[in-house]
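See below for the structure under consideration.
In the numbering used here, the protein residues as written are 4 to 534.
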C-alpha cells in the first residue's frame, strides 16, 4: 500500500513539474520598439506609450493585463492574441510626466515581459488647428486633455496663438488626482481660422486661473430643487428631485421643449429598468447603473467666461464613480455633454440587446450600455446630413457614429447629436436609433406585477424617441458583436474613460441644413500635432 501511495505521489510531482514547465515558462515575447507619444483623435489629446511586441515562439500568446510602475492601466490593440512569428502594436494610454522613467510590464497567460522608457521633454503643449472647410471658422473649440499628477492645477492654463496673442479660454469638466491636481479636463477656447488654412495654438500652464469677462449671455438660476441655465438661444433645466435629470431642453420663447423625465408615477427604483431624463448614460454590472438610481450630487462647476457647466457625480456601486458634465456655451444652440467614469473594479456590459425573457427590461433595444443616451419628446423620425431618413420601431437599428444624426418632430424641429471625443479603448461606434421603448401594447408574454406593468414604456414613454451611443465592438443587432476576438464580451478594466458629444436644438430651421452646419463645425476643424 505504501508503495502504491509513493508511486501516486511521484506521478503527481512529475505532472506538476511538467505543467509548470510547459505552461508557466516565460513567454517567447520580445519588445521590439517602445516610445512615448501624443495621440490626437478628433477633439481629444492624450499621452500614451507605443510598444511593438514580437512572438518568437511556436504558440499563441494572449495579453491579459498591462502595468506601468506596478499599476494596472488602460490599453488597446487590434487583438490581444499574438500568433507565432507575428508582431503586434500595443497602445498604452498613460499620462506620462516629462523626463520621468517608467517600467512597463505586459502580462500574458505564460508570464510577463518588462521594458523601461524615459519620457521626453515637454516644453509646450502645441496644437495645430486646420480649417479644411470652404468658409472661415470663428467659434469655440473644446479639447479633452490629460495631465500627469502635480502638473496642472484646476483652471491654471491660458491659450495663445502663434503670434503670442492670448485668446479667451476656459478649463472645465475636471477629474482630479488625490493631490488636487488635474487628471483630465476640457480646455475650451475661441479660435479664428480662415478657410483652407491653419493656425497653431499653445496651451500654457499658469500659477493661477486667468480672469476674463463673460463673452455673451450665460444666465444661471439655482433653487433647492432646480437649476436652470440659458444663453438666450437655448435653455436647459435640471430637476434635482430626479437626480439632476434634464426635463427642459429647448427654446421657451418658441414654446419648444424636447425633454421629459422617464420615471412613471409610483414606480420604485430597480436595477432592471433605466429611468432617465433628456441626456444620460447607463452602465451595467450585475444590474443597471444610472444616475436616478444611484447616490448623486449635482453642482454648478463654473459660470463662464465661455460656458456654464453643470456637474453631476454618482456612484457605480462599489466599482467607482461616474461624472456627467453639461456645458452650455455662449451664443450657441448646442450643449456639450462629457461623460467620465473612474473605475476601481472591472465592469462588463451586462445584458445585451436581443430576445428572451429580459427583452422587456431592454431600454430602447440597445442593451445595458449607452453613452450619451438622448430621449427626444414627440420625435417621429431621424435624419442624417445627407438626408437619409429612418423611423425604426423597437428594437431599433444602428448607424455609424462618425456623422451627426437628428431626431425630428418635423423637418424644421429636432435635436441632433454629434460625437466629438471618443475613448480609444472603449469607443462609441454606432448611434442606436429607436422610436420606442419596449412596446407593451404588443407584448404576448407574461407581464410583471400590476404596479410595474407599464414601466416598459408604452404608456409613459410612447412619445419618446431615442439616440444612444453604443460600443463599437458590441453591435446591438448585427450578431451583437463586430469583432470575433471579443466573443467573450467586453470588460472595462480599472482606469479613467471619457467621451464627449454635442447635443443641439433645431427650432424653425431646416434640420438637414443645420446637420450639415454641425458636421462642418465639428469635423472641418482638424487638430494635428504642431512641430
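Glycine is no exception: its CB is placed at the ideal position from the N, C-alpha and C atoms. Since the structure is predicted, the reported quantities are computational estimates derived from the model, not experimental observations.
Residue i vs residue j beta-carbon contact at 7 angstroms
| i | j | result |
| --- | --- | --- |
| residue 238 | residue 255 | yes |
| residue 500 | residue 429 | yes |
| residue 281 | residue 291 | no |
| residue 65 | residue 112 | yes |
| residue 410 | residue 344 | no |
| residue 396 | residue 439 | yes |
| residue 394 | residue 521 | no |
| residue 525 | residue 423 | yes |
| residue 46 | residue 146 | yes |
| residue 172 | residue 185 | no |
| residue 333 | residue 219 | yes |
| residue 374 | residue 284 | yes |
| residue 83 | residue 60 | no |
| residue 536 | residue 347 | What is shown of the chain runs 4 to 534, which leaves residue 536 out entirely. |
| residue 43 | residue 530 | yes |
| residue 342 | residue 474 | no |
| residue 97 | residue 76 | yes |
| residue 100 | residue 62 | no |
| residue 350 | residue 288 | yes |
| residue 195 | residue 141 | yes |
| residue 127 | residue 202 | no |
| residue 217 | residue 148 | no |
| residue 299 | residue 246 | yes |
| residue 259 | residue 417 | no |
| residue 511 | residue 388 | no |
Backbone secondary structure at residue i - three-state DSSP
| i | result |
| --- | --- |
| residue 551 | Only positions 4 to 534 of the chain appear in the structure, and residue 551 is not among them; the question remains open. |
| residue 25 | Model confidence at residue 25 stands at a pLDDT of 40, short of 50, so the residue's coordinates are unreliable and nothing is read from them. |
| residue 403 | strand |
| residue 366 | helix |
| residue 529 | strand |
| residue 519 | helix |
| residue 149 | strand |
| residue 95 | strand |
| residue 373 | strand |
| residue 340 | strand |
| residue 524 | helix |
| residue 540 | Absent from the structure is residue 540, since the part of the chain shown begins at 4 and ends at 534. |
| residue 203 | strand |
| residue 456 | Its pLDDT being 42, under 50, residue 456 is placed unreliably by the model, and the measurement read from it follows with that caveat. Looking at residue 456 - three-state DSSP - the assignment turns out to be coil, as it is neither helix nor strand. |
| residue 18 | Per-residue confidence for residue 18 stands at a pLDDT of 45, beneath the threshold of 50, marking its modelled position as unreliable; no derived number is given. |
| residue 424 | strand |
| residue 100 | coil |
| residue 534 | coil |
| residue 257 | helix |
| residue 180 | coil |
| residue 419 | strand |
| residue 447 | Only weak support is given to the placement of residue 447: the predicted model assigns it a pLDDT of 44, under 50, and the question is left unresolved by the model. |
| residue 485 | Annotation note: pLDDT 48 at residue 485 (below 50); position unreliable, coordinate value reported separately. Residue 485 falls in the coil class under three-state DSSP. |
| residue 514 | helix |
| residue 464 | helix |
| residue 490 | Low confidence applies here, because residue 490 scores a pLDDT of 43, under 50, leaving its location unreliable and the question unanswered by this model. |
| residue 262 | coil |
| residue 168 | coil |
| residue 210 | coil |
| residue 477 | coil |
| residue 125 | coil |
Continuous beta strand (DSSP E) stretch holding residue i: start and end
| i | result |
| --- | --- |
| residue 502 | 498-510 |
| residue 2 | No information on residue 2 is available, as it lies outside the stretch 4 to 534 that the chain covers here. |
| residue 159 | Per DSSP, residue 159 belongs to no beta strand (DSSP E) and is neither H nor E. |
| residue 190 | 185-196 |
| residue 134 | 128-134 |
| residue 468 | 467-474 |
| residue 431 | 431-437 |
| residue 310 | 310-318 |
| residue 78 | 77-79 |
Residues that DSSP places opposite residue i in a beta bridge
| i | result |
| --- | --- |
| residue 282 | 377 |
| residue 173 | 191 |
| residue 143 | 193 |
| residue 242 | 229, 248 |
| residue 384 | 411 |
| residue 297 | Answer is none; residue 297 lacks a bridge partner. |
| residue 56 | 34, 91 |
| residue 605 | The structure shown has nothing for residue 605, since the chain only spans 4 to 534. |
| residue 302 | 314 |
| residue 85 | 64 |
| residue 397 | Answer by DSSP bridge pairing: none, since residue 397 is not bridged. |
Residue-chain proximity (residue i, chain D), Cβ-Cβ < 7 angstroms
| i | result |
| --- | --- |
| residue 58 | Judged by its chain identifiers, the structure shown contains no chain D, having just a single protein chain. |
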